[in-house]
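Notes follow once the structure below has been shown.
Numbering (UniProt numbering), first residue to last: 1 to 573.
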């Protein structure tokens, strides 16, 4: 087997062989290759170009197999740097060789301060070695943290942008609790005094905010003033070209303070560009998942909506994350109770079909600043029953969650009575399951209310069954008519027209009961059969629809669709 490796190595096709199925299927091959390297038969380090390049200039799988071998070979610092520098030239993505950076730390562990000083001077004076300065700093830290800190402060106050970006992450690796938080003052001055050309301003500011955010996130109590100073510095240079800086903050909001949020919100509101809003709306999981800043984030969205800086149709990704965090019921409730026409419209129109998860977390904290206006609660219940009539379990879960809010017993009773009058027409067949939930969530003093609900639900079921009986009767008549002979077709056509109007009048001679705004309302509906049955969908112009609420209209049309759709089909055939 050794001969095969040697032959491929001499032919400069070893990399091609490493990516073959024969090599990957044989676990012993790696050991053979390592042994050949150790006895200098094959040089995997100095001849890396011969190993990985020939017929395949870049083979990701070959690189992966090569790295697995290299990691088992003892390498010094210069050898690791050499391999990384070469892989940079042939690999398309950094992740392909990123695991090699771990070997840098291993190679630097045995270095003395004197040796590190030499490597440090070489690195900061050679742009090709800039990124390795970070690992040299880490090696200093293990020996003398104070020396590493002094070196970093001195370096970053004078170095160019490229070197600063390459290794300034070391600033948030320092243990400021042991070094002393007074050291942050020097870091503040260092970051505030950074000088760079305008062409590199974006990268420079981005890195400064990145470093400051990490430090603030690690020490939220002790580093808040430090972070606010840095943020003010960023704002001085901010324009539309620097708004991507905001993307950095979404990673560091677990401990973010109201003061920082205030600055963040101002930046968003002052520069509501498409890029900026995308950052705000698309990358929002950390905002919504954090209880400390969830409400503030929602307020910012509301302010943007109310000021027309974002439109409802831009919120699709925002809604998806709201659902993922199971906050849709709470947010819909907040907006319906807001008394702001824009937010109410969005809650009523856009949340239709979105807030449909019975397992949602009803986060009452989103309602902390809302006025406990009972009429608004009734409107909310009216909205809920009218909009989500196809999802009774979700609606009852939502309604019962309202009862858990901080409202008095008298108001709770009013809400339950409202549910009794509004809920039953939409969900007569779900009433038994609903009653079980109501009993579980209410006191024994409400037994009479429950009894009334049961009684009224039975009455409504009888009404529904009556309508269904008329529909079935009409279907029987239509089926009999269809069996008439071809000679009687003209007579049948005339009879159908007569029956059509007759059946329609029979169906609607009864009063359709619509419920809304807390009291029963009865309307006698009259309309011609042609106005409903000869259209592709149920669209009618009735006087009553001009005086009832949108929810009542939706309920009425729903009754027409569900009860008479088949009748329309039969009549037109």
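Don't be surprised by glycine CBs; every beta carbon is placed ideally from N, CA and C.
Remember, it's a predicted structure, so these values are computed and weren't measured experimentally.
Would residue 320 be called buried (16 or more neighbouring beta carbons within 10 Å of its own) or exposed? Sequence index remark: in the chain shown, residue 320 carries index 320 (1-based). Exposed is the call here.
Taking just the CA atoms, how far does residue 323 sit from residue 355? Taking the first residue of the chain shown as 1, we reach residue 355 at position 355. Taking the first residue of the chain shown as 1, we reach residue 323 at position 323. Because the pLDDT of residue 355 is 43, which lies under 50, any placement of that residue in the model is unreliable, and the question is left without a value.
Got a sec? Which residues, its chain only, sit under 6 Å from residue 309 by beta carbon, not counting five neighbours each side? One-based indexing of the chain shown puts residue 309 at position 309. Correct list, in chain order: 272.
Residue from 141, 120, 97 and 6 whose Cα sits closest to the Cα of residue 171: Along the chain shown, one-based indexing puts residue 171 at 171. The shortest C-alpha separation from residue 171 is found at 141.
Residue 73 and residue 37 - do their beta-carbons sit closer together than 9 Å? Indexing the chain shown from 1 puts residue 37 at position 37. Indexing the chain shown from 1 puts residue 73 at position 73. Taking 9 Å as the Cβ cut-off, residue 37 and residue 73 qualify as a contacting pair.
Between which two residues does the alpha helix (DSSP H) carrying residue 190 extend? Sequence index remark: in the chain shown, residue 190 carries index 190 (1-based). Element bounds for residue 190: 183-192.
Straight-line gap, residue 317 to residue 260 (C-alpha atoms, nearest Å): The residue given as residue 317 occupies position 317 in the chain shown. The residue given as residue 260 occupies position 260 in the chain shown. Cα to Cα, residue 317 sits roughly 25 Å from residue 260.
Measuring only the C-alpha atoms, how far is residue 107 from residue 278? As a working mapping, residue 107 is identified with position 107 in the chain shown. As a working mapping, residue 278 is identified with position 278 in the chain shown. Their Cα atoms are separated by approximately 43 Å.
With distance defined between alpha-carbon atoms, name the residue in 221, 157 and 215 nearest to residue 194. Counted from its first residue, the chain shown places residue 194 at position 194. Looking from the CA of residue 194, the closest CA among 221, 157 and 215 belongs to 157.
Using a threshold of 9 Å, state whether the C-beta atoms of residue 119 and residue 77 are closer than that. On the chain shown, position 119 is the one that residue 119 refers to. On the chain shown, position 77 is the one that residue 77 refers to. Cβ atoms of residue 119 and residue 77: closer than 9 Å.
Please list, in chain order, all residues of the same chain as residue 111 whose beta carbon is under 8 Å from its beta carbon, the five residues on each side excluded. Taking the chain shown and counting its residues from 1, one reaches residue 111 at position 111. Here the set comprises 77, 119 and 139.
Return the residue from the list 223, 192 and 113 that minimises the CA-CA distance to residue 236. Your numbering for residue 236 matches position 236 in the chain shown. Comparing Cα positions, the closest option is 192.
Quick one: what's got a C-beta closer than 8 Å to residue 306's C-beta in the same chain, skipping five residues either side? Indexing the chain shown from 1 puts residue 306 at position 306. Residues of the same chain with a CB within less than 8 Å of the CB of residue 306, apart from the 5 flanking positions on each side, are 340, 342 and 343 in chain order.
Range covered by the alpha helix (DSSP H) that runs through residue 15: Looking up residue 15 in the chain shown gives position 15. Where residue 15 is concerned, the enclosing alpha helix (DSSP H) stretches over 14-18.
With the cut-off set at 9 Å, would you say residue 116 and residue 136 are in Cβ contact? Locating residue 116 in the chain shown gives position 116, where the first residue counts as 1. Locating residue 136 in the chain shown gives position 136, where the first residue counts as 1. In contact: residue 116 and residue 136 (Cβ atoms closer than 9 Å).
Which residues in the same chain as residue 105 place their Cβ atom closer than 8 Å to its Cβ, once the five residues preceding and following it in sequence are excluded? If you number the chain shown from 1, residue 105 lands on position 105. For residue 105, where only same-chain residues beyond five positions count, the Cβ hits under 8 Å are 135, 138 and 139.
I want to check one thing, is the minimum distance from the CB of residue 203 to the heavy atoms of the ligand NAP below 8 Å? The model on display carries no ligand, and the ligand NAP is accordingly not part of it.
What does the alpha-carbon distance come out to for the pair residue 167 and residue 60? The residue you call residue 167 lines up with position 167 of the chain shown. The residue you call residue 60 lines up with position 60 of the chain shown. Taking the straight line from one Cα to the other gives about 27 Å.
Using the three-state DSSP reduction, which class does residue 4 fall into: helix, strand or coil? The residue labelled residue 4 in the question sits at position 4 within the chain shown. The answer is helix: DSSP assigns residue 4 an H, G or I state.
N-terminal and C-terminal residue of the alpha helix (DSSP H) that residue 157 is part of: In the chain shown, the residue the question calls residue 157 occupies position 157. Note, residue 157: premise wrong, no alpha helix (DSSP H); not H, not E.
Buried versus exposed call for residue 333 [16 or more other C-beta atoms within 10 Å across all chains shown]: Taking the chain shown and counting its residues from 1, the one referred to as residue 333 is at position 333. So residue 333 ends up on the buried side.
How many Å lie between residue 125 and residue 131 at the Cα? Counting from 1 along the chain shown, the entry for residue 125 is found at position 125. Counting from 1 along the chain shown, the entry for residue 131 is found at position 131. Rounded to the nearest angstrom, the two C-alpha atoms are 12 Å apart.
Is the separation between the beta-carbon of residue 88 and that of residue 50 shorter than 9 Å? Here residue 88 refers to the residue found at position 88 when the chain shown is read from its first residue. Here residue 50 refers to the residue found at position 50 when the chain shown is read from its first residue. It is not a contact, given that the beta carbons lie outside the stated cut-off.
Buried or exposed, going by whether 16 or more other CB atoms sit within 10 Å of the CB of residue 93? As a working note, residue 93 is residue 93 in the chain shown. When all chains shown are included, residue 93 counts as exposed.
Using alpha carbons as the reference points, say which of 299, 6 and 315 lies closest to residue 269. As a position in the chain shown, residue 269 is number 269, starting the count at 1. Checked all of 299, 6 and 315; the closest Cα to residue 269 is 299.
Give the straight-line distance between the Cα atoms of residue 121 and residue 102, rounded to the nearest whole angstrom. Residue numbering aside, residue 121 sits at position 121 when the chain shown is read from its first letter. Residue numbering aside, residue 102 sits at position 102 when the chain shown is read from its first letter. So the alpha carbons of these two residues sit roughly 22 Å apart.
8 Å contact criterion, which residue 281 and residue 327 should meet: CB distance rounded: Along the chain shown, one-based indexing puts residue 281 at 281. Along the chain shown, one-based indexing puts residue 327 at 327. Contact doesn't hold; Cβ gap of about 15 Å is too wide.
Alpha helix (DSSP H) segment containing residue 49, residue limits: In the chain shown, the residue the question calls residue 49 occupies position 49. Where residue 49 is concerned, the enclosing alpha helix (DSSP H) stretches over 48-52.
Go to residue 574, then tell me how far its alpha helix (DSSP H) extends in each direction, as first and last residue. Outside the shown range of the chain, which is 1 to 573, sits residue 574, and nothing can be said about it.
For residue 97 and residue 69, the rounded distance between their alpha carbons: Counting from one through the chain shown, the residue named residue 69 turns up at place 69. Counting from one through the chain shown, the residue named residue 97 turns up at place 97. Those two C-alpha atoms are separated by around 13 Å.
Would you mind sorting residue 189 into buried or exposed? The rule is 16 or more other CB atoms within 10 Å of its CB. In the chain shown, the residue the question calls residue 189 occupies position 189. Residue 189 should be labelled exposed.
Quick check on DSSP: helix, strand or coil for residue 114? Position 114 of the chain shown, counted from the start, is the residue given in the question as residue 114. Here residue 114 sits in helix by DSSP.
So residue 215 and residue 226 are in contact, right, with Cβ under 8 Å, and what is the actual spacing, rounded? Working through the chain shown from its first residue, we reach residue 215 at position 215. Working through the chain shown from its first residue, we reach residue 226 at position 226. Between residue 226 and residue 215 the Cβ distance is about 7 Å, and since that is below 8 Å, they are a contact.
Are the Cβ atoms of residue 5 and residue 48 separated by less than 9 Å? Residue mapping note: residue 5 aligns to position 5 of the chain shown, counting from 1. Residue mapping note: residue 48 aligns to position 48 of the chain shown, counting from 1. Contact: no.
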